[in-house]
Amino acid sequence: MSGIVSGMPPGHASRPAEDRQPATTAPASPPGPAAPPPRRLGAAALRQNSVYIAFALLVAFDLLVTPGFRNPTVVRSLLFEAAPVILIALGQSLAIGTRGIDLSVGSVMALSSATIGLTMDLDQGLAIGAAVAVGLLCGILNGMLVAWLRIAPLISSLALLVAARGLAQAMLGGARVDMPFDGPLSTIGQLAPGGIPAVAMFSLLAALLFSFVVRRTVPGRYALFVGASRTAAVLAGHPVRATLGFVYGVSGLLAGIAGVFATARLGAADANYIGVQFELDAIAAAVIGGTPLSGGRISTLGTVFGVLLLVVLDASFIMNNVNANYAQMLKAAFIVGALFLRRGAA
Amino acid sequence: MSATVPSPVVAAAPPGTSERRQRIVALLQARGAILVLVAAALAAGAAFPSFLHLGNLRDIATAASFLGLVTIGQCFVVILGGFDLSVGSMVGLGTVLAAYAAPYGTLGALLAPTVAGLLVGVVNGLLIVRARMAPFIVTLAGLLALKGLAVLLAGESLVIEQPGLFGRIANGNALGIGNLVLILLLCFGGAALLLNRTRFGAAVFAIGGNEEAARMLGVRVERVKILTYCLSGALAGLSGSLLAAHLSSGLSAAGTGYELQSIAAAVIGGVLLTGGVGTMGGALSGVLLLGLIENVINQIGSLSAAYQGLASGAFLLLAVIIQSGLSQQRTA
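Going down the list, the protein sequences come from chains D and Y. According to full-length UniProt numbering, the first sequence is numbered sequentially starting from 1. According to full-length UniProt numbering, the second sequence is numbered sequentially starting from 1.
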């Protein structure tokens, strides 16, 4: 985008009027000149950093008010909970960055879990690999539907949401399959060196890598370009289809890993429980974190903090004994409020 | 902005014979769902002799009527270019409100959920139009909030002790085809008239086709949008009310998944997610097709309910792929 803008010749350059009014043309470009600049700057900064501010306020509130929040085991279990959600929220923000959406992530987690349930008696390492591969396959299928058949991402991932959950339930026959108390899976579900869960570290590393891919690599830049304008990307000769395939493949892969994490934490494969409505949390986290639904922009750090915010919010409700139904309404109001404040933020 | 960029697929002027092909493709896109519905029903009838019994067909239509009412509203919203994800939770809340209102009279039990749905539609519409928030996010929050409210009011379920007239409205059998089916057909007929024969319907199509152009032509975009979300909410509420009458109870979990199923039914029926295109007949066929799949899976006794999701998802996928192929035939 910036390449296009900077490449444009300044229209006034050859005119004689340029000598007379060189300064007035430049500041006229930002819209809404009526508001005084300092206040607008403050409000904009507040909007752009709203997720961090909200997170800091919530944690401060919990430290002061919520009983037992300071307990390290609480922090640890929160991180265990956040790890898979961070992964799918990253994939989600990539899809949203291309002006798409991936509703299938929760169901793909369930399918990954069901795969573990079916194969873990053979070999747990194999089961984990198979689960991740199944996630990747789902993502690639989704990407092919979006890129080559030009189906709206909302619909293709919706079909996958319904079908993958159904397949997962059919695979396990609706039952919960408990896993053995030892082996790689239970290690994933419990390993926490220094009180910080290994899965959380993995998710943060994945976020770092993700940020690098989005900012510095060709597929990442292409993804944002497609999100900014698919037509422009096509006309510029960029490989739009391969890019979309890559994007949804990544989302599926991350959902597959998230399914492994959630299964390991639960201690059982359960197609009815794992990942239910996680797609909604992932979308909310990405959007609250500053990835607009209109595409072309991704905030990795914002997405991670968006997830942490939602996870801590859930925990705050539970630990303060707020009725679960009030909690759900408050959460909805919170999401709408956060997005209302964000509206207009660049 | 994008208007200045020429479309990458520039259609060469088609030779004369392809004009007829274009018409056939357009017809297939709009009416294909009806053909598929008839074909699927005949196939199911050949496979399971009990399928084509009048009683079974009536059961399918009755079971589909609740989703059908929701789909009408969803159809308007999608043609407008938006989504309404709050309808499923609104159905659940509607059953609960109907259960609360039933002891005070049948009219109240029918009106309370409908009016509540209308109000939810106003809130959705205002947030989308005035606060300029994405319909997806607004109605997603509605999904969470209304579900919470429904559980809060009723717990899991709330029994209607003496349904009386209220129950007979849903379970009665006027004209031999069941009241619910009658209501469904009436509502679809009314909606088709509203969509195709009124200024409001024309405005909905215009906004879905091109919002800016509609605004410049003098369509009152804000008002039409809010009214459309109201229609969707009210129909979801009515659906909840009838479901409560049918079951003699309010269930907070009722309607779960309707938001996605109604979008699926509309899309199967030829409503384009990009807005501006769709028919009520197609949407009705979509609803009945989903009901038919459910019924057939129940007929195959050995398949568990889990396969229903698999079959519905696969079917939706197939429908969308065909739709997309037909769309490209039309433009290319």
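Cβ atoms here follow ideal geometry from the backbone N, Cα and C, with glycine treated the same way.
Can you round the beta-carbon distance between residue i and residue j to whole angstroms, since I take them to be within the 8 Å contact cut?
| i | j | result |
| --- | --- | --- |
| Val87/Y | Val70/Y | 5 Å |
| Gly173/D | Leu244/D | About 35 Å; that fails the 8 Å criterion. |
| Ile263/Y | Gln22/Y | Contact flag wrong, Cβ pair sits at about 27 Å. |
| Leu280/D | Leu140/Y | 6 Å |
| Ala243/Y | Val91/Y | Note on identity: in this sequence residue 243/Y is Leu, with Ala being the wrong assignment. With a Cβ gap of about 7 Å, Leu243/Y and Val91/Y count as contacting. |
| Asp102/D | Tyr248/D | 6 Å |
| Gly309/Y | Phe205/Y | Their Cβ separation, rounded to whole angstroms, is 33 Å, which puts Gly309/Y and Phe205/Y out of contact at 8 Å. |
| Phe55/D | Leu330/D | Not a contact, Cβ separation roughly 16 Å. |
| residue 424/D | Ala338/D | No statement about residue 424/D is possible, as the shown extent of chain D runs from 1 to 346 and does not include it. |
| Arg265/D | Phe80/D | 5 Å |
| Ala236/Y | Gly117/Y | 5 Å |
| Gly290/D | Gln48/D | 7 Å |
| Pro113/Y | Gly240/Y | 5 Å |
| Val311/D | Leu78/D | 6 Å |
| Leu85/Y | Phe48/Y | That belief does not hold up - the Cβ atoms of Leu85/Y and Phe48/Y are roughly 35 Å apart, past 8 Å. |
Considering residue i, what are the terminal residues of the alpha helix (DSSP H) in which it resides?
| i | result |
| --- | --- |
| Asp62/D | Ser50 to Val65 |
| Val91/Y | Val87 to Ala101 |
| Asp281/D | Phe278 to Ile288 |
| Asp59/Y | Leu54 to Leu80 |
| Ala223/D | Val218 to Ala228 |
| Ala269/D | That residue, Ala269/D, is in no alpha helix (DSSP H); its beta strand (DSSP E) goes Ala268 to Asp270. |
| Arg199/Y | Arg199 to Gly209 |
| Gly129/D | Gln124 to Ala147 |
| Phe166/Y | Gly164 to Asn171 |
| Ile293/Y | Met280 to Gln299 |
| Ala264/Y | Tyr258 to Ile268 |
| Thr114/Y | Thr106 to Val129 |
| Ala159/D | Pro153 to Leu172 |
| Gly187/D | The amino acid at residue 187/D is misidentified as Gly; the sequence shows Thr. Looking at the DSSP string, the run of the alpha helix (DSSP H) that includes Thr187/D is Pro184 to Gln190. |
Let's see if you can read the secondary structure: which residues bound the beta strand (DSSP E) around residue i?
| i | result |
| --- | --- |
| Ser232/Y | It is not in any beta strand (DSSP E) - Ser232/Y instead sits in the alpha helix (DSSP H) that spans Val221 to Leu247. |
| Val322/D | Element bounds for Val322/D: n/a, residue is neither H nor E. |
| Val177/D | Arg176 to Asp178 |
| Ala89/D | Counting along the chain, Ala89/D falls outside any beta strand (DSSP E), though it belongs to the alpha helix (DSSP H) covering Pro72 to Gly97. |
Per DSSP, what are the beta-bridge partners of residue i in this structure?
| i | result |
| --- | --- |
| Gly250/Y | Leu158/Y |
| Asp314/D | Answer is none; Asp314/D lacks a bridge partner. |
| Asp102/D | Paired residue(s): none; Asp102/D is not in a bridge. |
Mind pulling the chain B residues with CB within less than 9 Å of residue i?
| i | result |
| --- | --- |
| Ala223/D | Looking for chain B here will not work: the only protein chains present are D and Y. |
Report task. Report the residues of the region 148-167 of chain D with a CB closer than 9 Å to any CB of chain Y, ordered along the chain. Result -> So the close ones are Leu149, Arg150, Ile151, Ala152, Leu154, Ile155, Ser156, Leu158, Ala159, Leu160, Leu161, Val162, Ala163, Ala164, Arg165, Gly166 and Leu167.
Query raised in the report: Name the residues in the region 169-187 of chain D whose C-beta lies less than 9 Å from a C-beta of chain Y; which are they?
Result: Within the region 169-187 of chain D, Gln169, Ala170, Met171, Leu172, Gly173 and Gly174 place their CB atoms closer than 9 Å to a CB of chain Y, listed in sequence order.
Report task. For the region 166-173 of chain Y and the region 192-202 of chain Y, state whether three or more C-beta atom pairs, one from each stretch, are separated by less than 8 Å. Result -> These segments do not touch.
Query - Cβ contact (3+ pairs, closer than 8 Å) linking the region 323-332 of chain D and the region 145-159 of chain Y - result: Because the criterion of three Cβ pairs below 8 Å is met, the region 323-332 of chain D and the region 145-159 of chain Y touch.
Query raised in the report: Just by C-beta distance, which residues in the region 134-151 of chain Y are closer than 9 Å to chain D?
Result: Among the residues of the region 134-151 of chain Y, those with a Cβ less than 9 Å away from any Cβ of chain D are Ala134, Phe136, Ile137, Val138, Leu140, Ala141, Gly142, Leu143, Leu144, Ala145, Leu146, Lys147, Gly148, Leu149, Ala150 and Val151, in the order of the chain.
Query - Stretch pair the region 86-93 of chain D + the region 246-261 of chain D: three plus CB contacts closer than 8 Å - result: Yes, they touch.
Requested in this report: Would you list, in chain order, the members of the region 290-324 of chain Y that have their beta-carbon closer than 7 Å to a beta-carbon of chain D?
Outcome: Answer in chain order: Ser304, Ala306, Tyr307, Gln308, Gly309, Leu310, Ser312, Gly313, Ala314, Leu316, Leu317, Val320, Ile321 and Ser324.
Report task. Return the residues of the region 179-197 of chain Y that lie within a Cβ-Cβ distance of less than 9 Å from chain D, sorted by chain order. Result -> Against chain D - using a Cβ distance shorter than 9 Å - the region 179-197 of chain Y contributes no residues.
Query raised in the report: In the region 311-326 of chain D, which residues sit with their C-beta less than 9 Å from some C-beta in chain Y, listed in chain order?
Result: Going along the region 311-326 of chain D in chain order, one finds Asn323, Ala324, Asn325 and Tyr326 with a Cβ nearer than 9 Å to chain Y.
Query raised in the report: Does the region 267-274 of chain D come within contact of the region 103-121 of chain D, defined as at least 3 CB pairs closer than 8 Å?
Result: Taking 8 Å as the limit for Cβ pairs, the verdict is that the region 103-121 of chain D does touch the region 267-274 of chain D.
Query raised in the report: Between the region 249-269 of chain Y and chain D, which residues of the former have a C-beta closer than 8 Å to a C-beta of the latter?
Result: The residues in question are Leu260, Ile263, Ala264 and Val267.
Query - Validate contact between the region 257-270 of chain D and the region 100-112 of chain D using beta carbons, cut 8 Å, 3 pairs - result: Touching, yes.
Query raised in the report: Quick check: the region 124-137 of chain Y against the region 276-289 of chain Y, are there 3 or more CB pairs under 8 Å?
Result: These segments do not touch.
Query raised in the report: Looking at chain D, which residues of the region 271-289 of chain Y have a Cβ within less than 8 Å of any of its Cβ atoms?
Result: Cβ contacts with chain D: Leu273 and Thr274.
Query raised in the report: Below 8 Å, can you find three or more Cβ-Cβ pairs linking the region 54-71 of chain Y to the region 204-213 of chain Y?
Result: Cβ pair count under 8 Å is below three, so no.
Report task. Decide if the region 247-263 of chain Y is in contact with the region 116-123 of chain Y; the criterion is three or more beta carbon pairs, one per stretch, under 8 Å apart. Result -> The answer is no - the region 116-123 of chain Y does not touch the region 247-263 of chain Y, with fewer than three Cβ pairs under 8 Å.
Query - Residues of the region 106-138 of chain Y with Cβ closer than 8 Å to any Cβ of chain D, in chain order - result: Answer set for the region 106-138 of chain Y: Leu127, Ala131, Arg132, Met133, Ala134, Phe136, Ile137 and Val138.
Report task. For the region 237-256 of chain Y and the region 153-167 of chain Y, state whether three or more C-beta atom pairs, one from each stretch, are separated by less than 8 Å. Result -> As far as the Cβ criterion goes, the region 237-256 of chain Y touches the region 153-167 of chain Y, which means the pair count is three or higher.
**Report entry** Segment contact, 8 Å Cβ cut-off, at least three pairs: the region 156-164 of chain D with the region 304-322 of chain Y
**Finding:** The way I'd put it, the region 156-164 of chain D does touch the region 304-322 of chain Y; three or more beta-carbon pairs between them come closer than 8 Å.
Query - Cβ contact (3+ pairs, closer than 8 Å) linking the region 285-304 of chain D and the region 208-215 of chain D - result: Contact between the region 285-304 of chain D and the region 208-215 of chain D is present, because at least three Cβ pairs lie under 8 Å.
Query - Near-chain Y residues of the region 42-59 of chain D - C-beta to any C-beta below 7 Å - result: Near chain Y, meaning a CB-to-CB distance below 7 Å, no residue of the region 42-59 of chain D qualifies.
**Report entry** Residues of the region 327-339 of chain D with Cβ closer than 8 Å to any Cβ of chain Y, in chain order
**Finding:** For the region 327-339 of chain D, the residues whose beta carbon sits under 8 Å from a beta carbon of chain Y are, in order, Ala327, Gln328, Met329, Lys331, Ala332, Ala333, Ile335, Val336 and Leu339.
Query - chain Y contacts made by the region 114-142 of chain D, where a contact means CB separation under 7 Å - result: Listed by position, the residues of the region 114-142 of chain D near chain Y (Cβ gap below 7 Å) amount to none.
Query raised in the report: Three or more C-beta pairs closer than 8 Å, one from the region 182-198 of chain D and one from the region 115-135 of chain D: is that the case here?
Result: The answer is yes - the region 115-135 of chain D touches the region 182-198 of chain D, with three or more Cβ pairs under 8 Å.
Requested in this report: Select from the region 198-209 of chain D all residues with a C-beta closer than 8 Å to any C-beta belonging to chain Y, and list them in chain order.
Outcome: When CB distances to chain Y are screened at a threshold of 8 Å, not a single residue of the region 198-209 of chain D falls below it.
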